[in-house]
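The block underneath contains the structure these notes are about, expressed in structure tokens.
Residue numbers (the numbering used here), protein chains in the order written: chain A, 1 to 346; chain B, 1001 to 1346; chain C, 2001 to 2346; chain D, 3001 to 3346.
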């Protein structure tokens, strides 16, 4: 059994990791940490875990945590992650980091959107953990930067088009919407039930959301040249889910049928990407609690524009599910182990 | 007191009309109709109305209805409206029709998107009732075609840009999302609580939603030439509200400040359009139950693209509220009468 | 025009007062206070108010506030209210206090459930503002203690039975459920969207909720002897509404028809209490945004037990709506002024 | 591998069975039926199942279904079940029936609350499948009547008290609330999103809900004498979950600590019953998607009354999860197989 620590286990992605790993046959969670709830049993904090996990939350001391586990998930805010990850690596641990700290390959870009990077040399050692695009490079890697939720939905949605060079790179608009778990578990007025419920809004409009450079980095790698996009996130009154509606102009006229064939081929061997039959469209409800990404590409006949709709569960394929998928790849377990359950619906 | 009939009072827009008119000092609702609930008291059907309205729902017989009221709101499905409106007009009644039947000026376009029109000659007599664009032509008119919900949010969002000729007309994308009242009150599996709740999805993707020609008709009139757009509706798990996030490429570079000035000027005398201060963004929660349309225009500095976000309550400014506003204009009442309440929040 | 101050206007009951009073023809809101948001425009804090109220929130200095308004609503937490109300009274102002500070007639009881009372002499000057039970004593009064939300729903539900001495006083159980606005607008993890959504729970079980003594005080006054009850509150994932399902054993066998007659008679002249027709049951959805209290009394034939179901909007009849009703009575305005709108549904 | 048929797979409990069984290592679902969707792939009907189950829904012909599977779940409306179960039994199949048809031991009682029973002789052959009370009698049984959702939550909540003879049998009141999946997947106006959302209501008040005789049958068996209760169901705007708040008068004074000990002992070996630590209370959110029943017993010190709060997921422990638990017992699989996952939260 692989011993695993979940660092930052009092947030939603940390809880989700513990939930998934409870059903993983090759893993034993041996350590959970939380600054704000240290000393408390995790099943007192999250009563869903009663009868499933009775670990006591600990303070985050990297050396002690490393003594308890061989594989470490860091589910921390950005900056907090890069303060401890180097110690884990030095002590020979494998790490999947769910923060933004190792996603951007360029320390300057990180500095411009977040703050000065504390260990920029690690950016080259880390691999951006989107298995569908670089499974081989993840295998055996010591540090995996787990992708953000919006980027996962958008990059998977656009990858076939960019790989094939089919669209005008200046034309990309990604209009995305997220459930409220995306805002985390911090006590803020903006995240109160009555502030969020029965309302739909855009936020971070105009290219200011921090996922923008991450999305553009990956799209640029796929396109082979610099891509700049318009990305607009929205907030939906629901717990989980991200749906991205992505617009792009084709370089030459195409059809929905051609796109369906392209996407089906591109993702034919992917266990977690479902290209929907023509005429079907994704809903976040159909991936809730699962690690699937559902995608429908089509053409607006009247304008010729390509529209791709993709849906994931932001806590699963958008965070903890993908992190476990990455762990499976790093460790040589079957990639779907612990993740092969359909969504909970309703 | 003006006597008013609400034809089709067992749906959500019909109920909303009765609710609004209960607080209108110059109006008395004297007749309500419903095919499926005829013979039932309306406050048995909608217990919210107990103590406010105890009319009995009647079958829709245009002559009898005309004998009871001088002003008629038709809140019927398309086709059902054009079967009765001519009779109301012949009998000298004023009509605000909330269906799609008189919104499109061209009977052929109507035929292509709906079905053959039964009284195409009335299309020229009807006025498309968006007060902010043609208040003068609504005044005194016998037949007002009340705009659709999506079109109201999109046309108000784009009008200043089109009037000033500032954008590339081929670049317009409207990404909109609606609450579930937009699907009406018919018993369908797709509208069940458990099918809709905790899910977000796109529908009618690719230029097939019937509001498309209506939107394009109005945008074309504003632009002075034919406009074709990409319009994608989404469904949000909430009762009320439409938010449109609209993208367009400017013909020459502009700034958020310039747009703010343009919009504030354009709508400076409008009682129901609120151009938000820079830095603020609309939410459907802030217009719920009110007749306001909140708008924020801005520029994505990284791509130069213009983004306009607009929000309305689909049952109010998107349907019944705007219908009452039109009635006020037609009849010479103060335009905000019965409509001057802020939103219900939370 | 009566000048009115809303003290504590950054919470939900404060906002609701401003919303209601905007539609009150005899009132002008001239002052709004908030400690946490002083200096901010209230319509920046609550964008629903744009175009309706542009006052700047002030710090709470009682003398300055008294200089701006003749009637004062205190929508403060308990304790904070009794720190300022005496000054308002000394300066000759009329006060409706929405906190718990003047609801309990006995300072010792207040001390046992809250803390030591700062001005116990005022407890006798205050009137408990449930108009249906003591309208005459409210009229002209300087200090009205506005009832709590749960007590309003339970006391109105039981009043006819207690007045008539029909039930075993030891048998009363009130099982109530509230929407989330009842928890206020403070930033707490427990009130986050994702903590509350899609869950239903009991809280304060076993006679520990602070509304218990208030409920018992009023029931005892009605019964003419001490009443002790079991009261269990629950939390429902919705914004507004309280529904109480109340159980009691009759002293002698009765029927639903007899209860219907009793209740209809008891409340026959009440503008805001709707005794539903037999066979109908209340829903919080049917009173949302309105000042109505809907009540259905009936008998469980199999056990002989009486069951009364009552529903209110906790922010309206359970707080701000009732406060305005009390203001109307104190000032001699028509009791329904500003409050005569049906619920917003859906 | 055990071959399994899910009869009635187009409803929510049918879908839930398919979802659970997908993760069950000893089972293969080989047949799914649906009258309204026969001929359609089940993953077209429920896109959550894409990549997990691609069976085509068939008409319900018992002989053909029996040819495809050795174990049969009937997830049908009442009456429809008793029309086919005898055939399954005759053909030697094991059946867990999720309808009400075999839950009541007395055909006359069934006749009074439902309709005339078609095969009353089977009532004695069926076992009421609440494993915590009669695990031994379920083992190997050909026909298991899977308990209703409300009864499961109430009977598990009261069993220790009744077994020990601690309460006044005339004093029991069960106040329960359910999520909307409890209303099924039929297209009814009452179950529409906008009719249910943002509202909380009681229904079936006064001893008329069909689960009443089932609850009383089980309570009576536990008590050793006839028990009559007051049971009030409510509807909560959420997908899943039932919470019951149960009131009873003790025969002699007791304490929360004594009850905690009683319940912990009674359920000490039960894998799916979690007696919560003192001070904790159940929420439906903490059992969502899991097979757990969470229970908190306590005493209202002021009245001496016992209050028990219990929570389940109505589709899991209240239906399909318990059905799989029963299958495991019937077939000799480990009882928790396929069911050992914690809840999905948020």
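Beta carbons: idealized from backbone N, C-alpha and C, even for Gly.
Distance from the CA of residue 3005/D to the CA of residue 3065/D, rounded to the nearest whole angstrom, comes to 7 Å. For residue 2015/C, no Cβ of chain D is located within less than 8 Å of the residue's own Cβ.
Distance from the CA atom of residue 309/A to the CA atom of residue 179/A, rounded to whole angstroms, is 16 Å. Taking all protein chains shown into account, residue 3240/D has 16 or more neighbouring C-beta atoms within 10 Å of its C-beta and is therefore buried. Beta-carbon to beta-carbon, residue 3128/D and residue 3270/D are separated by about 17 Å, too far to satisfy the 8 Å threshold. Non-local beta-carbon contacts of residue 3291/D in its own chain, meaning distances under 6 Å to residues more than five positions away in sequence, involve 3272, 3316, 3317, 3321 and 3339 in chain order.
Think of a sphere of 9 Å around the beta carbon of residue 341/A: the chain D residues whose beta carbon falls inside it are 3019, 3022, 3023, 3052 and 3341, in chain order. The three-state reading of DSSP puts residue 2290/C in coil, since its state is none of H, G, I, E or B.
At a cut-off of 8 Å, the C-beta of residue 2246/C has no neighbouring C-beta in chain D. Residues of chain A whose Cβ lies closer than 8 Å to the Cβ of residue 3182/D do not exist, since the nearest Cβ in that chain is about 11 Å away. Separation of residue 3208/D and residue 3105/D (C-alpha to C-alpha, rounded to the nearest whole angstrom) is 19 Å. For residue 175/A, the enclosing beta strand (DSSP E) stretches over residues 173-178.
For residue 1092/B, the number of other beta carbons within 10 angstroms of its own is below 16, and it is reported as exposed.
Using a Cβ-Cβ cut-off of 9 Å, residue 2239/C is close to 193, 194, 197 and 198 of chain A, given in chain order.
Scanning its chain for C-beta atoms nearer than 6 Å, with the 5 sequence neighbours on each side dropped, one finds around residue 2204/C the residues 2233, in chain order. With a beta-carbon spacing of about 30 Å, residue 344/A and residue 265/A fall beyond the 8 Å limit used to define contacts.
Look at the stretch 93-171 of chain A and you find these whole runs of alpha helix (DSSP H), each 4 residues long or longer: 107-113, 122-125, 131-138 and 149-163. Annotated three-state conformation of residue 3088/D is helix, per DSSP. Within the stretch 7-79 of chain A, the runs of alpha helix (DSSP H) that reach at least 4 residues and sit entirely inside it are, in chain order, 12-22, 42-45 and 62-68. For residue 3282/D, the neighbours in chain C by C-beta distance under 8 Å run, in chain order, 2201 and 2202.
With its beta carbon at least 8 Å from every one in chain D, residue 1041/B lies outside the interface.
Residue 1008/B counts as buried, since no fewer than 16 other beta carbons sit within 10 angstroms of its beta carbon. Nearest neighbour of residue 1237/B by Cα position, chosen from 3012/D, 3194/D and 3040/D, turns out to be 3194/D.
Under a 10 Å Cβ-count criterion, residue 2164/C is classified as exposed, with fewer than 16 other Cβ atoms of the shown protein chains found around its own Cβ. For residue 3137/D, not one C-beta of chain B is nearer than 8 Å to its own C-beta. Between the alpha carbons of residue 2130/C and residue 184/A lies a distance of about 42 Å.
Between residue 1212/B and residue 1314/B the beta-carbon gap is near 17 Å, outside 8 Å, which marks them as no contact. When Cβ pairs closer than 8 Å are counted between the two stretches, the stretch 2152-2159 of chain C is seen not to touch the stretch 140-155 of chain A, the count staying below three. Just so you know, the alpha carbons of residue 1086/B and residue 1324/B end up roughly 21 Å apart. Relative to the Cα of residue 2113/C, the nearest Cα in the group 2079/C, 2143/C, 2098/C and 2137/C belongs to 2079/C. If you compare the alpha carbons of 167/A, 30/A and 176/A with that of residue 225/A, the shortest gap goes to 167/A. Residue 90/A sits exposed, since fewer than 16 C-beta atoms from the chains shown fall within 10 Å of its C-beta. Bridge pairing for residue 247/A: 173/A and 307/A [DSSP]. With respect to the C-alpha of residue 329/A, the residue from 132/A, 33/A, 28/A and 20/A having the closest C-alpha is 132/A. Interface criterion not met: the Cβ of residue 38/A is under 8 Å from no Cβ in chain C. Interface annotation, residue 1333/B: not in contact with chain C, CB-CB separation never under 8 Å.
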